[in-house]
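**Student:** Questions regarding the structure given below will be posed in turn.
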Amino acid sequence: VTASAQGGGTPVERAGDSGDSYGTKLRKWLMTGVSYMVPFVAAGGLLLALGFAIGGWEINKAPSVMEHFSWTQVDSWGALLFQIGGVAFGFLIPVLAGYIAYGMADRPGLVPGFVGGMIASNIAAGFLGGLVAGLLAGGIVLAIQKIRIPPVLRGIMPVVVIPLISSLIVGFLMFVVVGKPIAEAQKGMTDWLSGLSGTNAVLLGILLGLMMCFDLGGPVNKVAYAFATAGIAVQDPSDAAMKVMAAVMAAGMVPPLGMALATVVRRKLFTPAERENGKAAWVLGASFISEGAIPFAAADPLRVIPASMAGGAVTGALSMAFGATLRAPHGGIFVVPLIGSPFLYLIAVAAGTCVTTALVILLKSMRKPALGATTAESSDGATAAAPAKKEPVAA
């Protein structure tokens with residue numbers, strides 16, 4: 001899974017198109033926040049995972065490295081990585097809320113968004129609290145901007161007045177009105193996750209696998225990924241949260257790997273361009289970049305997406321059934337040493353990949369070959385087989 005703030009225009013320009021419906025605008029606002037949050041997730045999560053790998057699972061109890069650091073002790077380096085990762089993870093909720101508000105109201109939304117996000121983090125309202133805080137902050141700033149003010153005050157509005165008033169209102173709402181119910185809902189969701197076992201855990205794995213493969217890096221994929229990363233965005237995540245993270249990453253690897261394998265097994269079903277994309281998809285899938293399957297889905301969505309979802313569901317279910325755990329939020333096969341039950345985890349990924357490959361080959365075989373693919377195949381064969389014409393000899 002990758003998320004980027006790059007693209008056509010700034011996030012605000014993309015999220016604020018006046019012609020969009022409210023639902024489209026809401027999706028863009030949320031995606032702006034998630035896009036800015038993901039780099040913190042990746043950096044912080046990998047640092048935490050490396051800290052565990054170097055210093056062991058008790059490294060979260062190590063004292064501050066400011067007073068207890070030794071250049072020659074491996075545990076000190078593990079503690080250093082872990083504590084840096086913890087600081088990076090501490091920014092997740094404020095960054096999410098701040099940039100949701102930024103997507104709604106431009107720069108004036110940043111201050112109340114970050115303030116609301118930090119409050120959500122401090123009161124244990126978690127990911128849900130960050131979403132609500134960001135939407136509240138952006139909405140409040142937009143409302144303030146519609147108020148007519150004397151010209152003499154316009155110069156200080158974006159610097160003083162809007163940040164002051166909006167932060168006050170957002171802080172009041174988060175501390176007094178909505179913060180506690182959201183924190184209780186977050187705790188209930190965490191307790192529900194912790195109590196999952198057997199069939200329920202497998203069903204959750206199926207659902208997460210379907211979501212990860214539905215739009216290959218789009219909003220539904222990001223919801224599943226954000227749900228998983230929110231669970232491990234603490235210094236001591238529960239075993240259930242790490243199982244969810246493992247299932248999400250495993251399922252997200254399946255679509256590119258399945259397409260890559262299909263281009264090898266049945267080359268004739270794919271165009272030359274798709275075969276080239278298949279080579280890159282091996283690396284992208286192994287790196288947990290679901291977008292590696294987008295070229296295939298764009299060309300043939302009715303066959304590629306269902307096949308990908310089926311494989312993702314199988315992988316998600318098997319990962320949960322095997323009890324595989326993952327502390328890192330990203331990395332693909334390159335963080336296998338940090339995975340609990342790594343052999344079974346790889347079996348889950350391989351099983352889903354094979355399901356996706358088999359289904360996409362079956363579905364593509366049931367249709368007539370695409371004109372482009374047929375032409376490419378026939379032209380290749382004709383070029384090789386046709387005898388060269390002899391030029392007539394001049395008398």
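Once you know that position 368 of the sequence shown is 368 in the UniProt record's numbering, the rest is easy, because the numbers rise by one and skip nothing.
By construction, the Cβ of each residue, glycine as well, lies at the ideal position given by its N, Cα and C atoms.
#1: By the 10 Å Cβ neighbour count, where 16 or more other Cβ atoms means buried, how is H330 classified, buried or exposed?
#2: Going by C-alpha distance, which of S121, T315, M245 is nearest T229?
#3: Suppose you measure from the CA of A97 to the CA of A79; what does that come to, to the nearest Å?
#4: Relative to the C-alpha of N221, which residue among L30, A49, L359 is closest?
#5: Helix, strand or coil: how does DSSP classify I232 here?
#6: Tell me, which residues are paired with T325 by DSSP?
#7: Is there a Cβ from chain C that is less than 7 Å from the Cβ of V355?
#8: Does the structure place the region 77-96 close enough to the region 46-62 that three or more beta carbon pairs sit under 8 Å?
#9: Please state the DSSP three-state secondary structure of P150.
#10: Report all residues from its chain with a CB closer than 6 Å to the CB of I169; omit the five preceding and five following residues, and keep chain order.
#11: Enumerate in chain order the residues of its own chain whose CB-to-CB distance from F40 is below 8 Å, with the five nearest sequence positions on each side excluded.
#12: If you run the structure through DSSP and keep just helix, strand and coil, what is G258?
#13: With DSSP collapsed to three states, give me the class of R367.
#14: Give every residue of the same chain whose Cβ lies closer than 6 Å to the Cβ of A250, excluding the five residues on either side of it in the sequence, and list them in chain order.
#15: Compare the beta carbon distance of G116 and M174 with 7 Å and say whether it is the shorter of the two.
#16: Let's see if you can read the secondary structure: which residues bound the alpha helix (DSSP H) around L46?
#17: Taking the alpha carbon of F127 as the point to measure from, which residue in V38, P295, F52, P151 has its own alpha carbon closest?
#18: Express the C-alpha separation of A286 and D20 in angstroms, rounding to a whole number.
#19: Just the C-alpha distance for L207 and N122, rounded to the nearest angstrom, thanks.
#20: Could you check if V132 is buried or exposed, using at least 16 other CB atoms within 10 Å of its CB as the buried criterion?
#21: Along the chain, where does the alpha helix (DSSP H) containing D75 start, and where does it finish?
#22: Closest to G55 by C-alpha separation, out of Q73, E67, M66, H68, would be which residue?
#23: Is S365 buried or exposed, if buried means 16 or more other CB atoms sit within 10 Å of its CB?
#24: Which same chain residues, not among the five before or five after G134, have their C-beta less than 6 Å away from its C-beta?
#25: Using CA coordinates, which residue listed in G258, P342, G278, L153 is at the minimum distance from C354?
#26: If I182 and G129 are in contact, beta carbons under 8 Å, what's the gap, nearest whole angstrom?
#27: Please report the residue range of the alpha helix (DSSP H) in which V111 lies.
#28: With a CB to CB cut of under 7 Å and the five nearest residues on each side skipped, what residues in its chain are close to R303?
#29: Let me know the secondary structure DSSP gives T357 once reduced to three states.
#30: Over the uninterrupted alpha helix (DSSP H) stretch that includes G209, give me the two end residues.
#31: Taking the alpha-carbon positions, what's the P219 to V152 distance?
#32: Among I289, A241, A293, which residue has its Cα nearest to the Cα of G340?
#33: Look up I289 in the DSSP assignment and say whether it is helix, strand or coil.
#34: Is P255 closer than 7 Å to A313 when the C-beta atoms are compared?
**Tutor:** On the basis of the data shown:
#1: buried
#2: M245
#3: 29 Å
#4: When L30, A49, L359 are compared, the shortest CA-CA separation from N221 is found for L30.
#5: helix
#6: G340
#7: Although the question refers to chain C, the structure presented lacks it and comprises just one protein chain.
#8: Result yes; three or more Cβ-Cβ pairs closer than 8 Å.
#9: coil
#10: Excluding positions up to five away in sequence, the list reads I140.
#11: Cβ neighbours of F40 beyond the five flanking positions: A88, F89, F91, L92, V95.
#12: helix
#13: coil
#14: Only T315, S319, A348, V349 meet the Cβ criterion.
#15: yes
#16: Going by DSSP, L46 is part of the alpha helix (DSSP H) stretching over 22-55.
#17: V38
#18: 36 Å
#19: 30 Å
#20: buried
#21: Counting along the chain, the alpha helix (DSSP H) containing D75 begins and ends at 74-89.
#22: Q73
#23: exposed
#24: G33, A97, I100, A101, G113
#25: Of the listed residues, the one whose Cα sits closest to C354 is G258.
#26: 5 Å
#27: 110-122
#28: V360, L363, K364
#29: helix
#30: 199-214
#31: 43 Å
#32: A241
#33: coil
#34: no
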